[in-house]
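In my numbering, the protein residues as written are 142 to 318.
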């Protein structure tokens, strides 16, 4: 019996380039796709189901910084729109808004003007959607109020509440020092 060398087979998934063609009125443009994330996106277009979700998931896996940058742009636009003068419940500090405050009103106001900010803060605070008046819900609302106050000093209703409670609770300037 002879000692033979048997070849060692290494089974790895070999990814072949994908050819994609786009037809224009002036002609045809073809390109080879080698990036796996790009191939997944092309396949999603072909299948036609869940295209947006597959695109987002692929980009999240392949280039998180691009997703973060894109989300940052969305949050910036929303917060700029929310912080325009007289545009938000957080800017109104009159008697009715101060003593008639409801968390649900603030939530509806922010849901209308900056839903992505609420979604982001909600994903940081808890795994399931927070319902009013739960503790996670209040944390989300307070975090949104503080963040928006950083962009516009007029967004200070929550800060007025804090000052009011401290002042009427017996807190003095001397206590603060």
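Glycine is no exception: its CB is placed at the ideal position from the N, C-alpha and C atoms.
Residue i in three-state terms, based on DSSP
i	result
residue 170	strand
residue 151	In this prediction, residue 151 scores a pLDDT of 49, lower than 50, which makes its location untrustworthy; the coordinate-derived value is nonetheless stated afterwards. Here residue 151 sits in coil by DSSP.
residue 278	helix
residue 240	helix
residue 292	helix
residue 224	coil
residue 256	helix
residue 267	coil
Which residues DSSP lists as bridging residue i, in chain order
i	result
residue 164	169
residue 247	Paired residue(s): none; residue 247 is not in a bridge.
residue 159	174
8 Å contact criterion, which residue i and residue j should meet: CB distance rounded
i	j	result
residue 202	residue 178	7 Å
residue 161	residue 183	6 Å
residue 289	residue 261	Rounded, the Cβ-Cβ distance is 13 Å, inconsistent with contact.
Check whether residue i and residue j have beta carbons under 7 Å apart
i	j	result
residue 175	residue 199	no
residue 285	residue 307	no
residue 244	residue 270	no
residue 206	residue 292	no
residue 255	residue 223	yes
Task: Touch test, the stretch 271–288 against the stretch 241–260, Cβ-Cβ under 8 Å, three pairs minimum - done: yes
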